[in-house]
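Visitor:
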Amino acid sequence: MIYKIAICDDNKPDTDYISSLVKEWADSSKNIVKLKIFQSAEEFLFHYEEDKSYHILLLDIEMGKINGVELAKKIRIKNKEVQIIFITGYNDYISDGYDVEALHYILKPVYKEKLYEVLSRACERLKKEEAALFLHLPEGMVRIPFYEIRYMEVRANYVTVYGEEKVTIKTTLSALEQELDDRFFRIGRSYIVNMKYIRKVTKRDVILEDNTAVPISRGYYESLNRAFIDYF
Numbered sequence: 002m003i004y005k006i007a008i009c010d011d012n013k014p015d016t017d018y019i020s021s022l023v024k025e026w027a028d029s030s031k032n033i034v035k036l037k038i039f040q041s042a043e044e045f046l047f048h049y050e051e052d053k054s055y056h057i058l059l060l061d062i063e064m065g066k067i068n069g070v071e072l073a074k075k076i077r078i079k080n081k082e083v084q085i086i087f088i089t090g091y092n093d094y095i096s097d098g099y100d101v102e103a104l105h106y107i108l109k110p111v112y113k114e115k116l117y118e119v120l121s122r123a124c125e126r127l128k129k130e131e132a133a134l135f136l137h138l139p140e141g142m143v144r145i146p147f148y149e150i151r152y153m154e155v156r157a158n159y160v161t162v163y164g165e166e167k168v169t170i171k172t173t174l175s176a177l178e179q180e181l182d183d184r185f186f187r188i189g190r191s192y193i194v195n196m197k198y199i200r201k202v203t204k205r206d207v208i209l210e211d212n213t214a215v216p217i218s219r220g221y222y223e224s225l226n227r228a229f230i231d232y233f
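So our numbering is basically just the index in the sequence shown, starting at one, shifted up by 1.
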């Protein structure tokens with residue numbers, strides 16, 4: 002896989018230094034990288050209209066009219082897969098990083114080992130995001146990326162997959178469970194949840210980020226809690 006990486010920072014010495022580290026990381030990890038540098042959020046957005054295929058964004062926060070957090074919010078409206086890493090001299094925006102599902106927040110000065118670690122983690126996440134569920138429906142095959150699936154529910158002989166769209170298929174929950182990875186957890190006979198979307202776990206329900214309450218069966222609370230903590 003060729004990783005397309007963008008650096009967006011209005012400080013040229015910083016972009017030169019970070020770009021040199023990215024290239025060194027690519028050489029040492031034997032990853033192929035296509036790297037592009039932008040001096041402002043406006044410049045990046047203009048380019049992004051024509052090319053939305055970036056995998057990793059290294060964003061400064063304090064930049065011109067549009068800061069890095071605002072830029073990330075604009076990107077997240079339509080792109081949930083791109084890995085966002087903030088690199089900044091300020092630590093006042095850490096909570097904003099959670100709002101845009103940033104992978105990490107690195108304070109300047111940037112140390113090589115830290116950037117290497119975060120870039121490698123971004124690649125691992127990207128590999129996981131490629132995974133998908135293939136459902137054979139009467140009208141044809143449907144591909145649903147794992148990262149889109151919030152939860153699954155079985156009723157009688159039909160399973161409904163809740164993602165960006167709701168898809169119902171005649172099958173068993175156990176059959177679909179065998180195709181999933183470790184981000185998914187079964188919370189009873191009728192439900193499987195994607196731990197990425199869990200906001201809170203109670204003894205009765207799993208509360209997702211959109212406030213959907215998915216009932217948890219008796220006996221699953223402790224094991225889900227452990228898996229949830231380990232996942233993050």
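The beta carbon of each residue, even a glycine, is placed where N, CA and C say it ideally should be.
Residues in its own chain within less than 6 Å of histidine 56 by CB, not counting five upstream and five downstream?
Guide: Result list for histidine 56: Tyr4, Lys5, Leu127, in chain order.
Visitor: Less than 8 Å between the CB atoms is what I'm expecting for valine 209 and isoleucine 217, so what's the real figure, rounded?
Guide: A quick correction: the sequence has leucine, not valine, at residue 209. Not quite, the Cβ-Cβ distance comes to about 12 Å (not below 8 Å), so this is no contact.
Visitor: Does the segment 67 to 85 come within contact of the segment 38 to 56, defined as at least 3 CB pairs closer than 8 Å?
Guide: Enough Cβ pairs lie closer than 8 Å, so yes.
Visitor: Which partner residues does alanine 7 have in the DSSP bridge list?
Guide: Alanine 7 pairs with Lys37, Leu58.
Visitor: Can you have a look at isoleucine 33 and say buried or exposed, based on whether 16 or more other CB atoms are within 10 angstroms of its CB?
Guide: Exposed is the call here.
Visitor: Assign isoleucine 230 to one of two classes, buried (16 or more other C-beta atoms within 10 Å of its C-beta) or exposed (fewer than that).
Guide: Looking at its Cβ environment, which holds fewer than 16 other Cβ atoms inside 10 Å, isoleucine 230 is exposed.
Visitor: Give a yes or no on contact between the segment 37 to 50 and the segment 62 to 77, applying the rule of three or more CB pairs nearer than 8 Å.
Guide: Yes, the segment 37 to 50 touches the segment 62 to 77.
Visitor: Is lysine 75 helix, strand or coil by DSSP?
Guide: Helix, per DSSP.
Visitor: Measuring only the C-alpha atoms, how far is leucine 116 from aspartate 10?
Guide: Rounded to the nearest angstrom, the two C-alpha atoms are 16 Å apart.
Visitor: Taking just the CA atoms, how far does isoleucine 150 sit from arginine 219?
Guide: So the alpha carbons of these two residues sit roughly 24 Å apart.
Visitor: Excluding the five sequence neighbours on either side, which residues of its own chain have a C-beta within less than 6 Å of the C-beta of glutamate 165, listed in chain order?
Guide: Same-chain partners within the cutoff: Glu149.
Visitor: So, is tyrosine 106 buried or exposed, given that buried needs 16 or more other C-beta atoms within 10 angstroms?
Guide: Result: buried.
Visitor: Just the Cα atoms here: how many angstroms apart are alanine 103 and phenylalanine 87?
Guide: If I take the Cα positions, the gap works out to 7 Å.
Visitor: Check whether the segment 135 to 146 touches the segment 159 to 175, counting contact only when three or more Cβ pairs, one atom from each stretch, lie closer than 8 Å.
Guide: Segments in contact, yes.
Visitor: Using a 10 Å radius around the Cβ and a threshold of 16 neighbouring Cβ atoms, would you call phenylalanine 147 buried or exposed?
Guide: Buried is the call here.
Visitor: Terminal residues of the continuous alpha helix (DSSP H) containing lysine 113?
Guide: Counting along the chain, the alpha helix (DSSP H) containing lysine 113 begins and ends at 113 to 130.
Visitor: Against chain C, with Cβ distances strictly below 8 Å, would histidine 56 count as a contact?
Guide: This model lacks chain C altogether; it includes just one protein chain.
Visitor: Any idea what DSSP makes of arginine 156, helix, strand or coil?
Guide: Here arginine 156 sits in strand by DSSP.
Visitor: For asparagine 158, collect the residues of the same chain with a Cβ closer than 7 Å to its Cβ; drop the 5 residues on either side in sequence, then sort them by chain order.
Guide: Around asparagine 158: Lys171.
Visitor: In its own chain, which residues sit with a C-beta less than 8 Å from the C-beta of tyrosine 221, not counting the 5 before and 5 after it?
Guide: The answer, listed in chain order, is Arg187, Ile188, Gly189.
Visitor: Can you give the Cα-Cα distance for aspartate 183 and tyrosine 152, rounded to whole angstroms?
Guide: For aspartate 183 and tyrosine 152, the distance between alpha carbons rounds to 14 Å.
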